[in-house]
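Residue numbers (our numbering), protein chains in the order written: chain A, 1 to 221; chain B, 222 to 677. Notes follow once the structure below has been shown.
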């Protein structure tokens with residue numbers, strides 16, 4: 001009825017396309033929603049895998065992924081965005097939009113090449129290239145954007161890639177994967193606090209640029 | 222009696238929870254009681270047999286780590302009570318500070334006692350969650366920026382170690398530390414996992430090339446938090462690397478660790494030599510010490526014993542050094558080296574203690590760091606030859622001269638009047654220094670604890 005390999009490839013490619021889509025979004029809410037959609041696909045894959053293989057723990061993980069990665073975390077970030085409306089747009093992307101999309105897709109190809117050259121002989125699965133490509137795309141999202149919420153989404157994309165990679169190794173202990181989910185919640189919530197603090201002084205106080213530069217001198221070198 | 226092994230986690234966890242009770246100064250009393258009770262539990266565990274059941278993996282190395290964490294925890298709690306009064310615009314109330322501090326300790330205890338490589342990752346990641354806000358306690362823009370760098374760099378690094386965990390599972394089909402340590406010869410996928418593990422956990426341990434968060438976080442965190450980070454968080458990250466090296470004792474893995482350790486020593490020594498801020502300078506000194514310790518872990522045998530001696534001595538000496546920099550910062554209001562003069566005259570106890578703490582962390586005899594480095598260098602000569610050993614030793618000398626020269630200038634120069642008159646409270650750092658010195662004489666005990674644990 002279901003061919004899990006085909007579903008894995010489909011979900012993997014959807015994730016890669018969604019990250020490329022995130023790269024061309026200027027509005028942060030679109031990035032958050034896109035991440036949510038990607039996580040729902042991941043949850044659907046886990047549920048399907050659990051159903052086909054008769055593994056109840058995979059189904060529990062699927063529900064956890066849907067509840068936490070697809071619903072709670074995007075909801076938390078969206079609420080944060082609603083509180084600080086000035087945060088809604090990426091003001092200063094590190095690279096231009098067109099070049100980031102092209103580079104993001106090139107990273108996907110690079111991930112495939114790296115995987116084939118280095119890990120394929122050890123993992124013995126042709127599908128491993130998809131999460132590796134996704135992992136690199138997540139890292140690139142962190143590097144290419146200056147908005148902390150987008151950087152946080154980049155980190156979560158990397159986590160999703162590892163989740164997908166972990167599903168290549170059946171029976172990875174449930175307690176570990178559940179622990180990873182809990183840690184992701186903690187990281188997102190703590191990051192949420194820091195993100196709110198991070199840009200507030202720049203918005204709310206009139207600080208001379210030269211003074212600000214002087215304050216940050218210490219972080220050089 | 223298996224429940225006794227869970228006491229450090231339970232006591233510090235309950236201590237953290239009780240900090241939520243809104244009662245003036247209650248969180249300080251609770252934290253003191255919790256930290257001393259935890260130290261008592263760790264001492265008790267040290268005399269108990271090793272444990273490898275009910276989700277536990279507690280051997281001699283774990284016991285030493287528990288003792289170190291709980292002792293530094295006691296010192297940090299006591300010092301924090303005094304020090305927090307100097308912070309005017311705190312990010313959060315004192316009870317939240319102590320709650321996070323206690324739970325930070327919980328996550329570290331969890332990491333060094335759990336019998337599962339996956340949960341080891343969960344524990345290390347939990348240290349990020351519990352400690353990140355502590356860096357921003359000072360509530361200024363630079364501290365918040367340092368915190369953000371910490372979260373982004375460390376979390377990204379830890380995704381690499383999660384990948385490593387998946388590879389280890391792919392190779393052995395188990396994540397139980399106990400089973401992995403008895404597993405047959407490592408496959409190639411496992412060796413790739415071990416290499417990724419060293420990079421990933423090395424991020425948290427301040428190992429090159431993912432060390433860049435460390436000077437920012439240590440430099441901008443309040444003194445007691447910097448002390449906890451440098452003294453116990455970095456060694457906890459190295460603890461995970463020790464386990465990876467034990468699981469995959471391949472030549473390629475060891476050589477890779479030696480390369481990263483050596484690069485850490487070289488980069489940190491040069492950076493420490495050129496620092497203009499004393500807290501950042503001590504942060505680079507931590508990178509240098511962890512680099513040497515990583516080399517010792519990779520070399521195994523007596524070099525591993527040397528690494529543990531360095532880790533323990535460094536924990537107490539560096540925490541003392543950071544506590545003292547807190548006194549200096551409170552007294553002079555600046556972290557710039559050039560603006561701090563005559564500490565031995567303005568704050569004699571702080572000044573002289575800082576001088577000795579600086580000697581201790583840079584490997585001066587009779588401190589354990591000197592003997593630890595000696596053990597590692599001796600082993601290094603036999604494995605890699607004299608020239609490579611001389612190269613690494615020369616960078617240790619560069620760090621020694623650079624750091625001590627600046628500290629001597631800060632401590633023994635003439636004061637220029639740019640300081641506030643504050644209490645010269647150095648009791649806690651002096652106790653830390655005394656313990657650091659005593660590690661040298663406790664070397665036979667360390668040998669005893671590590672019997673059967675040492676990386677071959």
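The beta-carbon is built from N, C-alpha and C at its ideal position, and this holds for glycine as well.
Item	Value
Pair within 7 Å by beta-carbon distance, residue 101 of chain A and residue 48 of chain A	no
Alpha helix (DSSP H) segments (min. 4 residues) lying fully within the stretch 572-624 of chain B	589-605
Separation of residue 379 of chain B from residue 36 of chain A, as counted between CA atoms	22 Å
Proximity winner among B/355, B/295, B/375, relative to residue 345 of chain B (alpha-carbon distances)	B/375
Burial state of residue 118 of chain A (16 or more Cβ within 10 Å)	exposed
Residues of its chain near residue 10 of chain A, where Cβ-Cβ distance is below 7 Å and the 5 sequence neighbours each way are ignored	none
Spatial neighbours of residue 231 of chain B in its chain, beta-carbon cut-off 7 Å, leaving aside the 5 residues before and after	none
Residue closest to residue 518 of chain B, alpha-carbon to alpha-carbon, out of B/467, B/347, B/610, B/438	B/467
Beta-carbon proximity list for residue 547 of chain B, same chain, < 6 Å, skipping 5 on both sides	304, 444
For residue 89 of chain A, the three-state DSSP class (helix, strand or coil)	strand
Length at least 4, wholly inside the stretch 8-92 of chain A: the alpha helix (DSSP H) runs in chain order	28-53, 56-64, 73-83
Residues near residue 623 of chain B in its chain [Cβ-Cβ closer than 6 Å; skip 5 each side]	493, 494
Given 8 Å, three or more beta-carbon pairs between the stretch 662-676 of chain B and the stretch 277-290 of chain B	yes
Same chain only: Cβ atoms within 7 Å of residue 433 of chain B, ignoring 5 sequence neighbours per side	374
Reduced DSSP category for residue 422 of chain B - H, G, I as helix; E, B as strand; rest coil	helix
Residue 674 of chain B - DSSP class collapsed to helix/strand/coil	coil
For residue 559 of chain B, the three-state DSSP class (helix, strand or coil)	helix
Status (buried if at least 16 other CB within 10 Å, exposed otherwise) for residue 655 of chain B	exposed
Spatial distance of residue 97 of chain A from residue 330 of chain B (CA atoms)	45 Å
Residues bridged to residue 279 of chain B [DSSP beta-bridge criterion]	B/272
CA-to-CA distance, residue 340 of chain B to residue 264 of chain B, given in whole angstroms	24 Å
First through last residue of the alpha helix (DSSP H) which encompasses residue 128 of chain A	Here residue 128 of chain A belongs to no alpha helix (DSSP H), and DSSP marks it neither H nor E.
Start and end residues, alpha helix (DSSP H) containing residue 370 of chain B	362-393
Extent of the continuous alpha helix (DSSP H) run through residue 330 of chain B	315-334
Interface residues of chain A facing residue 390 of chain B [CB-CB closer than 7 Å]	169, 172
Contacts of residue 139 of chain A in chain B (Cβ-Cβ under 8 Å)	377
Assigned secondary structure, residue 201 of chain A (DSSP; H/G/I helix, E/B strand, else coil)	With a pLDDT of only 49 at residue 201 of chain A, under the threshold of 50, the placement of this residue in the model should not be trusted, and no figure is reported.
Separation of residue 383 of chain B from residue 585 of chain B, as counted between CA atoms	38 Å
Own chain partners of residue 660 of chain B with C-beta closer than 6 Å, once the 5 adjacent residues on each side are dropped	533, 534, 589
Secondary structure of residue 498 of chain B, DSSP reduced to three states	strand
7 Å Cβ cutoff met for residue 15 of chain A and residue 134 of chain A	yes
Three-way DSSP call (helix, strand, coil) for residue 184 of chain A in this model	helix
Cβ neighbours of residue 202 of chain A in the same chain (closer than 7 Å, five flanking residues each side left out)	Per-residue confidence for residue 202 of chain A stands at a pLDDT of 48, beneath the threshold of 50, marking its modelled position as unreliable; the derived number appears in the next sentence. So the list is empty, once near-sequence residues are dropped.
Cβ shell of residue 204 of chain A (< 8 Å), same chain only, five flanking positions each side left out	With a pLDDT of 47 at residue 204 of chain A, under the threshold of 50, the modelled position of this residue cannot be trusted, and the question is left open.
Reduced DSSP category for residue 234 of chain B - H, G, I as helix; E, B as strand; rest coil	helix
Host alpha helix (DSSP H) of residue 437 of chain B (start-end)	434-441
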